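Since the structure comes first, as structure tokens, the remarks are kept for the end.
Numbering (our numbering), first residue to last: 184 to 267.
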């Protein structure tokens, strides 16, 4: 029977292999880590949800910031280029 500590640990961290997520993968490696996929309605551990949410937020900010820089670099003679 699982203790309260084990239940809390499973709720916050889960049994996900975080080394496969965070370690670089090179094509010439003999044993590649197997990535874990989650089902559609499966509950995510809190840590994994926070990591995925942070990644999504960074992607949204990057998508919001990049186009004005690209447009300003193409049109570098405009007066708005001074503020970039």
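All C-beta atoms in this analysis are idealised placements derived from N, C-alpha and C, irrespective of residue type, glycine included. Fair warning: this is a prediction, and the values are worked out from it, not measured in the lab.
Own chain, CB closer than 8 angstroms to residue i, minus 5 neighbours either side, in chain order
i: residue 197; result: 227, 228, 230, 231
i: residue 215; result: 208
i: residue 204; result: 218, 234
Three-state secondary structure assigned by DSSP to residue i
i: residue 246; result: helix
i: residue 219; result: coil
i: residue 230; result: helix
i: residue 240; result: helix
i: residue 256; result: helix
For residue i, the first and last residue of its enclosing alpha helix (DSSP H)
i: residue 201; result: 201-205
i: residue 189; result: 187-195
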